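J.:
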Amino acid sequence: MLRKCWWFVVWFSCSIHVASCEYCSGRLVDLRRPNTLSSLTNCSSIQGTLTIRNLDDSCCLESYCNLSNVVEITGSLIVENGNCSGDLSKFFPNLTIIRSQIITSTDLNNKHNQISSYNLIIRHTKLKGVGLWKLKSLNSNRIALIDNPMMCFVNTVNWNALTTSLNSVYTKSYRSNREQIVRYNLGEFCPDQCSASCPPFYRNDSSRFSCWSTNSCQAECNPICTDNGLACRVDNPQKCCDSECSGGCTGPSPNQCLSCKHVKLNDLCLNHCPSSYYLLNNLYCITHEECINRQEIVESVNGKYLANFSTFNSTCIPTCPLEYVRLVSGECQFCPDSKCIKRACGDINVYKVSDLKQVRGCVTAQSILISIRDCEDGDTSKFMDAFSDLEEIHTSLHIISSDSLQSLTFLRSLRIIHGLKRDGSVPNGPTKTVLEIAWNSQLKSLWIPVSTNLIIKHGRVVFTLNRNLCPEYVKAFIHFNVNLSRNLSNLESDLIDKSNGAIGLCRTHRLNLSINYVHQRSVSFTIINTPAWNDFRQVLPTTVYYRYIGLDEPESNIQTICDKSWHIHEPKCQKIIEPMGNSDLFHAIQPESLKLQCEVNYLNPAQRYQAYVEIRTMFNSEGALSEVFTFQTKQDKPSSPIDFHAFSLNSNKMQLYWNAPDNPNGQIVEYHIWYRRLFVNIPSSDNGISCTDVHVVSLYLYIRCCSLRIRRLDLSSGL
């Protein structure tokens with residue numbers, strides 16, 4: 015009787031804890047590893063299958079080493095490979111419900127037999143009994159007890175009373191195909207004596223009792239409750255629980271259940287979720303926001319990554335079904351043939367432009383490494399398209415030795431770098447590098463987030479050895495566009511200041527230009543405000559950077575990601591000396607300000623260009639730079655048409671063919687054909703050559719070679 019009173023008190027205290035449940039994911043717990051139970055100490059509900067491995071006497075016989083708060087396991091319970099010489103009563107003192115989520119097949123005794131969908135498996139242990147004396151509910155009698163040579167008190171447990179089914183229990187050899195409880199190599203000489211105070215095994219039969227051990231009776235409910243499929247109260251087994259309760263309750267209301275028979279909304283057990291909620295794990299009703307913000311480690315061909323849950327047909331699931339993809343809003347959208355892919359991705363490595371297809375459609379990624387040495391200016395749109403959906407990176411972003419990249423604007427949609435470990439846990443302190451931009455020789459600019467600032471939750475940032483990237487730009491990027499959870503460390507700040515921008519123009523004066531003229535193959539401009547430095551011997555020659563652009567390309571489209579389209583030219587410049595005003599940029603002390611008139615030659619006719627002017631000095635990172643300007647050279651005489659052919663149609667008509675010139679040097683609007691008549695002496699013996707043939711050959715040679723323009727040919731008339 016004392017035993018039963020103590021049992022009621024424990025249940026009552028446990029139910030109070032359940033009111034503020036802490037849910038934990040199912041996992042493998044290897045007790046040989048130190049502190050392996052610490053992550054489950056406060057868990058009352060295990061979501062999924064829980065596997066306990068290497069349970070020995072130090073845990074199973076001591077109350078300080080246990081999972082005393084665990085009341086429910088939604089999947090299966092597996093206990094294996096242990097040396098515990100007791101039972102599970104102290105390790106799981108309050109486990110009440112095992113719901114039996116299907117688990118993967120497991121081999122039996124090295125033969126071809128398999129176990130699938132068992133809700134309780136105990137194998138390869140020295141346990142003397144099961145001992146789950148608080149267990150009230152199993153989804154089915156699918157139980158496997160294998161290779162536990164010391165295990166007794168298996169036949170004294172009324173397993174049927176633990177299931178929702180009221181069918182009789184079958185206990186057979188594991189070799190039977192119809193078994194409900196699989197037993198193999200259990201204790202042979204078991205006393206299996208229950209106390210007479212325990213409830214009868216069968217109703218109205220006092221010759222056999224049900225218990226977990228000699229001192230632990232199996233709990234009994236009022237037959238009225240069990241006959242009607244109701245659980246009973248833990249403080250008074252004669253009283254029934256609400257019809258939505260499973261495993262027991264502390265009161266008559268559906269919000270006092272230890273667990274729910276169907277679904278649970280907050281603390282309330284219901285038959286189904288309300289219309290505005292989503293069903294999670296076939297048990298919990300949660301909101302749309304709660305669903306899409308849940309995360310779980312998912313395995314794919316690219317490795318493990320942290321994926322956000324999605325909504326699908328009023329359910330909340332970790333991954334969308336086949337031929338469905340997760341939208342940014344969190345819904346699963348039907349997407350046959352992957353034509354609308356928006357997905358969570360694993361580790362992504364970009365070494366060449368063709369690798370960008372890995373990124374396309376990714377909303378989240380486990381990690382990203384970009385080390386691309388060769389790309390063209392035309393690849394800008396490929397970068398922008400590939401990264402347009404990327405918003406989250408769970409571990410880290412590394413951009414290393416990408417010598418062709420001059421801008422990272424393609425990352426503008428990135429919202430957050432979590433900086434987590436590979437297993438999804440939070441690192442201790444900023445010891446892990448989560449944003450690294452290093453050894454990028456042409457990189458000049460970073461990016462501006464398209465919506466909110468980039469959030470870096472955990473980890474260290476490293477900017478180093480980017481010789482064209484100015485430290486001031488990096489500091490401004492972090493200050494205005496990044497939300498760090500802390501201040502930059504001295505090491506991070508020193509690396510930014512001392513190892514970047516070695517050849518970059520970081521302190522510049524803006525040059526103002528005026529175009530003097532544009533010819534067919536040249537352009538002339540005047541630099542109005544050339545800075546007057548102290549020592550002009552330190553000033554390097556003026557340089558013009560120019561590139562071709564299409565005639566229909568908008569002028570604003572000047573931001574390129576790859577740095578291969580700009581040509582460098584040193585123009586011919588001459589000084590125009592004028593008095594200088596009072597403004598003194600840089601450290602100029604001369605009384606005069608220079609104008610430079612420059613001319614760029616060897617351009618192509620009828621071509622549209624974008625250009626800018628740069629003046630560097632031998633001072634570190636100091637120089638002058640103009641805005642990008644656009645001009646178009648004038649048209650010039652085209653080169654000759656090519657592949658000219660003439661064919662005689664009859665005695666007074668011929669047909670002409672040709673291809674356009676290789677260098678049109680403008681837009682060709684019409685062709686003019688000139689001809690003259692040739693007189694040919696025909697020998698008395700024609701040798702088989704007709705007059706028509708002679709005239710065609712003569713005309714063909716003339717048109718190909720003669721430069722005299724006699725008169726215009728009207729192609730509509732004959733010759």
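Residue numbers (the numbering used here): 15 to 733. A virtual CB, placed ideally from N, CA and C, is assigned to each residue, including glycine. Predicted, not measured: the structure shown is a model, and the values here were computed from it.
#1: In three-state DSSP terms, what is A233?
#2: Quick one: what does DSSP say F658 is sitting in, helix, strand or coil?
#3: For N673, list the residues DSSP reports as bridge partners.
#4: Measuring CB to CB, does K404 end up less than 8 Å from L449?
#5: Taking the alpha carbon of Q516 as the point to measure from, which residue in L91, P485, E684, R474 has its own alpha carbon closest?
#6: Given a cut-off of 8 Å, decide if H583 and V558 are closer than it, judged by their beta-carbon atoms.
#7: Would you decide whether I717 is buried or exposed? Buried here means 16 or more other CB atoms lie within 10 Å of its CB.
#8: Between F661 and the rest of its own chain, which residues show a CB-CB distance below 6 Å, the 5 nearest in sequence each way excluded?
#9: Is the distance from the Cβ of T65 to the Cβ of L102 below 8 Å?
#10: Tell me the residue span of the beta strand (DSSP E) that contains I469.
#11: Using beta-carbon positions only, say whether L81 and K104 come within less than 8 Å of one another.
#12: Per the DSSP calculation, D219 is bridged to which residue(s)?
#13: Indicate whether at least one CB of chain D lies closer than 8 Å to the CB of D206.
#14: Give the secondary structure of T50 by DSSP, where H, G and I count as helix, E and B as strand, and everything else as coil.
#15: Would you list the one or two residues that DSSP bridges to T65?
#16: Report the residue ranges of all beta strand (DSSP E) runs contained in full by the segment 342-392; include only those spanning at least 3 residues, in chain order.
#17: Flag this pair as yes or no: are the beta carbons of C612 and P655 separated by less than 8 Å?
#18: Pair every Cβ in the segment 168-179 with every Cβ in the segment 210-228, then say whether three or more of these pairs are closer than 8 Å.
#19: So what does DSSP say about K512, is it helix, strand or coil?
#20: Thinking C-alpha only, which one of G392, I430, Q380 is nearest T409?
#21: Taking the C-alpha atoms as reference points, what is the distance between S221 and N68?
#22: Examine the Cβ distances between the segment 629-648 and the segment 526-545 and report whether three or more of them are shorter than 8 Å.
#23: Could you give the residue range of the beta strand (DSSP E) that holds A638?
#24: Under a three-way DSSP split, which group does N322 fall into?
#25: Can you list, in chain order, the residues of its chain whose CB lies under 7 Å from that of P332, leaving out five sequence neighbours each side?
#26: So what's R561 in DSSP terms, helix, strand or just coil?
#27: Please state whether DSSP places T556 in a helix, a strand or coil.
#28: Out of L460, W453, L505, P444, which has the shortest C-alpha to C-alpha gap to K471?
#29: For I160, which three-state DSSP category applies?
#30: Give me the Cα-Cα distance between H533 and Q588, rounded to the nearest whole angstrom.
#31: Measuring alpha carbon to alpha carbon, tell me which of W461, S209, L200, S402 ends up nearest L422.
#32: What would DSSP say about R429, mapped onto helix, strand or coil?
#33: Name the one or two DSSP bridge partners that C283 has.
#34: K458 and G518 - do their beta-carbons sit closer together than 8 Å?
#35: For V5 versus V373, is the C-beta spacing smaller than 8 Å?
#36: Cβ atoms of C225 and C235: under 8 Å apart, would you say?
T.: By the coordinates alone:
#1: Looking up residue 233 in the sequence shown gives position 219. In the structure shown, A233 sits in coil (DSSP, three-state: anything other than H, G, I, E or B).
#2: Counted from its first residue, the sequence shown places residue 658 at position 644. Reduced to three states, the DSSP call for F658 is strand.
#3: Within the sequence shown, the letter at position 659 stands for residue 673. Per DSSP, I656.
#4: Numbered from its first residue, the sequence shown carries residue 404 at position 390. Numbered from its first residue, the sequence shown carries residue 449 at position 435. Checking the sequence shown, residue 404 turns out to be Leu, not Lys. Not closer than 8 Å, so no.
#5: The residue given as residue 516 occupies position 502 in the sequence shown. The displayed chain sequence assigns Ala, not Gln, to residue 516. Minimum Cα distance to A516 is reached at P485.
#6: Residue 558 sits at position 544 when you count from the first residue of the sequence shown. Residue 583 sits at position 569 when you count from the first residue of the sequence shown. Their beta carbons are under 8 Å apart, which means V558 touches H583 by this criterion.
#7: Translated into the one-based positions of the sequence shown, residue 717 becomes position 703. For I717, the pLDDT reaches just 37, beneath the cut-off of 50, and the residue's location in the model is therefore unreliable, although a value from the coordinates is still provided. In the assembly as shown, I717 is a buried residue. Its beta-carbon has 16 or more other beta-carbons within 10 Å.
#8: Within the sequence shown, the letter at position 647 stands for residue 661. Result list for F661: Q669, in chain order.
#9: For the purposes of this step, residue 65 is identified with residue 51 of the sequence shown, where counting begins at 1. For the purposes of this step, residue 102 is identified with residue 88 of the sequence shown, where counting begins at 1. Cβ atoms of T65 and L102: not closer than 8 Å.
#10: For the purposes of this step, residue 469 is taken as the residue at position 455 of the sequence shown. Boundaries of the beta strand (DSSP E) harbouring I469: 468-470, taken from the DSSP string.
#11: For the purposes of this step, residue 81 is taken as residue 67 along the sequence shown, with counting starting at 1. For the purposes of this step, residue 104 is taken as residue 90 along the sequence shown, with counting starting at 1. It is not a contact, given that the beta carbons lie outside the stated cut-off.
#12: Locating residue 219 in the sequence shown gives position 205, counting from the first residue. D219 pairs with Y216.
#13: No chain D is present in this structure, which holds just one protein chain.
#14: In the sequence shown, residue 50 corresponds to position 36, counting from 1. The DSSP-derived three-state label of T50 is coil.
#15: Stepping through the sequence shown from its first residue, residue 65 is reached at position 51. Paired residues: L42, I92.
#16: 346-348, 357-364, 376-384
#17: Position 598 of the sequence shown, counted from the start, is the residue given in the question as residue 612. Position 641 of the sequence shown, counted from the start, is the residue given in the question as residue 655. Against a cut-off of 8 Å, the Cβ pair of P655 and C612 comes out as no contact.
#18: Contact annotation: the segment 168-179 touches the segment 210-228, with at least three C-beta pairs closer than 8 Å.
#19: By 1-based counting over the sequence shown, the position of residue 512 is 498. If DSSP states are grouped into helix, strand and coil, K512 belongs with the helices.
#20: On the sequence shown, residue 409 is found 395 positions in, with the first residue counted as 1. Q380 is the residue among G392, I430, Q380 whose C-alpha sits nearest the C-alpha of T409.
#21: The residue labelled residue 221 in the question sits at position 207 within the sequence shown. The residue labelled residue 68 in the question sits at position 54 within the sequence shown. Looking at the two C-alpha atoms, the distance is approximately 38 Å.
#22: yes
#23: If you number the sequence shown from 1, residue 638 lands on position 624. Note, A638: beta strand (DSSP E), 636-640.
#24: Your numbering for residue 322 matches position 308 in the sequence shown. Residue state, collapsed to three classes: strand.
#25: Looking up residue 332 in the sequence shown gives position 318. Closer than 7 Å at Cβ, skipping near neighbours: E310, V312, A321, F323.
#26: Taking the sequence shown and counting its residues from 1, one reaches residue 561 at position 547. R561 falls in the strand class under three-state DSSP.
#27: Position 542 of the sequence shown holds residue 556. Three-state result, T556: coil.
#28: Counting from 1 along the sequence shown, the entry for residue 471 is found at position 457. K471 has its Cα closest to that of P444, out of L460, W453, L505, P444.
#29: Position 146 of the sequence shown, counted from the start, is the residue given in the question as residue 160. The answer is strand: DSSP assigns I160 an E or B state.
#30: Counting from one through the sequence shown, the residue named residue 533 turns up at place 519. Counting from one through the sequence shown, the residue named residue 588 turns up at place 574. Rounded to the nearest angstrom, the two C-alpha atoms are 19 Å apart.
#31: The sequence position of residue 422 within the sequence shown is 408, counting from 1. Measuring from the Cα of L422, the nearest candidate turns out to be W461.
#32: Indexing the sequence shown from 1 puts residue 429 at position 415. Coil, per DSSP.
#33: Taking the sequence shown and counting its residues from 1, one reaches residue 283 at position 269. According to DSSP, C283 bridges with K278.
#34: Position 504 of the sequence shown, counted from the first residue, corresponds to residue 518. Position 444 of the sequence shown, counted from the first residue, corresponds to residue 458. In this structure, G518 sits near K458, with a CB-CB distance shorter than 8 Å.
#35: The structure shown has nothing for residue 5, since the chain only spans 15 to 733.
#36: By one-based count along the sequence shown, residue 235 stands at place 221. By one-based count along the sequence shown, residue 225 stands at place 211. Not closer than 8 Å, so no.
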